[in-house]
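Under mature numbering (1 follows the signal peptide of the UniProt record, and there is no 0), the letters of the sequence shown match residues -22 to -1, 1 to 463, in that order.
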Amino acid sequence: MVLRTAVLLALLSLALTATATAAPVHVLSPGGREVVRQDRHLPPPDPRPSALRTGPHAHAAAARKTPRKTTGTELLRLRDEGAIAPELYDAALATWKDARSTLRKLTGRRAVELGNVMKAVDALAATGQLTPGRIPVLFEIIGRNREWWGGNGSLLSYGARAKFTGSRIVWQSYPGMGIQPQWLGTFGDANALWKSKRKSNAVALTELLDEVLRFASPRAGGIAWESFFSFSGAPPVWVSALSQGTGIQALARASQKLARPDYLEAATAALGIFKAPPPEGVALRTDGGTHYLIYSTNSKLLVLNGFLQSLIGLFDYTQITGSAEGRALFDAGDRAAQAEVGNYDTGAWSLYDGAKESDLGYHQLVRQFLTNLCDRTTTAVYCDTAAAFAEDEVTPPEMRVVTRRAVTKKPVPIRFTLSKVSTVTLYVDDARITSARLGHGTQTLTWPGSSKPGDRTVRIDATDLAGNRGSAEGVITLERAKKTR
């Protein structure tokens, strides 16, 4: 919980108008020396899913069923067919062999991390997904994981960020899946560099975007920054409207600042996934328009903050370019967002995905994104919901005790209503009984009960995620259980 709270507060930096918060980054030098630096430009990692898979990827079973297609044989086939240059083949094969050699020397978690990364690439090869356009990024992933796990890189916890000397790509630790490129973090870094007036940061921005473009893959008729591991119910290979929208925004902005029209061309090419339905793209058609998915291969997970940030990226791209296509994509998303925003408001707090309530950081984040859209569009639903979410942050939780009667000598489930996610403590006659973190709605905490009949004063104290406190009292009458004949 400490990790989530800290990193979610830092994610406000992605909103671009919020104050940046420093985040730790583990930087590994070519000599194997690791140092931890504070980077105030970075947004934080995604929240850890409740059931994070730590074994080989979902499509690894396919690799076992079709052993004739391996990474080595697929690389050779692509070279022989002229799909990749001999130089690229040689470099990729050398990276693969080096990783395999290193893996044989590793034990424990280091072997698991590098081994699972290699199994994932083998699985792509087995299923025909090791395509020419993916080779640069996939073998960068293999090479960097070999460098980290086969060298002096520390055993990173979930969500820890990593960088390598001489590179500006941000990596993130996903235990059991190695380290993976964190595209949102990378593009968030680019946006922060764009805001800076320092000449050195203009150079850094150029280096970052030149590097990140080398690792874009062809997808949906354009380019995309893909992820090759399972996450939040999304099997590989997925793309994200959140990170891609932020990338489009960063590229379009940098094209102006640095006089680099090729960045604008790349931003336009990156629109492809916003035009394609899942799983290839992120465009989920709705009655009101188009919802842009946070993970293209999980069309059931509809996360509001990711959707809104993708709209901000599309809006800014359109303002810079005057693109009719960009405007149409924004308008389709805008219609869906206006229709959906109310579904994420409980009346006392925000919902993260339409079901569970947001943590404090995500509540503040979605409020900031709504504010940014309000500033850009003056659309009432964005402005009003942003104001309501801000009010939620200073409004105490409200409760009402529902249970009124119970019997003696039995545990008593005490039912009560709760307006928002809070830490709730139950008291009976001023004696503390139990405490729990509970979501909004009708909830129950159990009192062990008493053998004595009579009235008992029940008090419910609650503290919400922002620290606001509320209290409610009720009286429960205990009666002797009726004897049965």
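We put the beta carbon where it would ideally sit given N, CA and C, even for glycine.
Query	Result
Got a sec? Which residues, its chain only, sit under 6 Å from residue 545 by beta carbon, not counting five neighbours each side?	Lying before the first or after the last residue shown, residue 545 is absent from the chain, which here runs from -22 to 463.
For A450, does the three-state DSSP call read helix, strand or coil?	strand
Can you grab the Cα-Cα spacing for the pair I226 / L236, in whole Å?	15 Å
Could you check where the beta strand (DSSP E) with S151 kicks off and where it finishes?	W149 to S151
To the nearest whole angstrom, what separates the beta carbons of F394 and V406, a pair I think is in contact under 8 Å?	Going by Cβ atoms, the distance from F394 to V406 rounds to 13 Å, so no, they are not a contact pair.
Check whether the Cβ atoms of R450 and R383 lie closer than 7 Å to each other.	Note that residue 450 is Ala in the sequence shown, not Arg. In this structure, R383 does not lie closer than 7 Å to A450 by Cβ.
Out of E376, M155 and W149, state which residue places its alpha-carbon closest to the alpha-carbon of G448.	E376
Around the C-beta of S429, are 16 or more other C-beta atoms found within 10 angstroms, so that it is buried, or is it exposed?	exposed
Please return the same chain residues whose Cβ sits closer than 6 Å to the Cβ of D294, not counting the five positions on each side in sequence.	Q227
For G266 and A314, which I take to be in contact (beta-carbon distance under 8 Å), what is that distance rounded to the nearest angstrom?	5 Å
Can you list, in chain order, the residues of its chain with a C-beta nearer than 7 Å to that of A261? Leave out the 5 residues immediately preceding and following it.	F252, K253, A254, P255, T268 and Y270
Quick check: the stretch 111 to 126 against the stretch 161 to 175, are there 3 or more CB pairs under 8 Å?	no
Quick one: grab the DSSP three-state call for A202.	strand
Would S233 and Y273 be called neighbours here (beta carbons separated by less than 7 Å)?	no
Give a yes or no on whether the minimum CB-CB distance between Q222 and chain B is below 7 Å.	Given the protein chain composition of this structure (a single chain), no chain B is represented.
Below 8 Å on the Cβ atoms is my contact criterion, and I expect E12 with N179 to pass it. Report the Cβ-Cβ distance as a whole number of Å.	With a Cβ gap of about 24 Å, E12 and N179 do not count as contacting.
Would G291 and A198 be called neighbours here (beta carbons separated by less than 7 Å)?	no
If you draw a straight line from the alpha carbon of T48 to that of L102, how long is it in whole angstroms?	9 Å
Span of the alpha helix (DSSP H) holding D240?	P239 to A247
Following the continuous alpha helix (DSSP H) through K75, name the residue where it begins and the one where it ends.	P64 to K83
Taking only the alpha-carbon atoms, compute the straight-line gap between G242 and G311 and give it to the nearest angstrom.	Per the sequence presented here, residue 242 reads as Leu, with Gly not at that position. Distance between the alpha carbons of L242 and G311: 21 Å.
For S218, which residues from the same chain have a beta carbon less than 8 Å from its beta carbon, with the 5 sequence-adjacent residues on both sides left out?	W161, L162, S205, V260, L271, I272, Y273, S274 and G284
Determine which residues share a DSSP beta bridge with D323 and list them.	S328
So, under 8 Å CB-CB, V399 and E335 are touching, yes? Tell me the CB distance rounded to an integer number of Å.	4 Å
Give the straight-line distance between the Cα atoms of A409 and F308, rounded to the nearest whole angstrom.	56 Å
Quick one: what's G419 bridged to in DSSP?	L396
To which residues of the same chain is N446 closer than 7 Å at the C-beta, ignoring the five residues directly before and after it?	V372, T373, P374 and P375
What are the start and end residues of the alpha helix (DSSP H) that includes G311?	A302 to E318
Measuring CB to CB, does I120 end up less than 7 Å from A77?	yes
To which residues of the same chain is N276 closer than 6 Å at the C-beta, ignoring the five residues directly before and after it?	G211 and A212
Kindly indicate which residue of A459, T51, S7 and A244 has the alpha-carbon position closest to the one of P196.	A244
Hey, could you find the ends of the beta strand (DSSP E) G432 is sitting in?	G432 to D442
Going by other Cβ atoms of all chains shown within 10 Å of its Cβ, with 16 needed for buried, is N321 buried or exposed?	exposed
Less than 7 Å separating the beta-carbons of I62 and L54?	no
Does DSSP put R15 in a helix, in a strand, or in coil?	strand
State the start and end residues of the unbroken beta strand (DSSP E) segment that holds T264.	Run containing T264: none; DSSP gives neither H nor E here.
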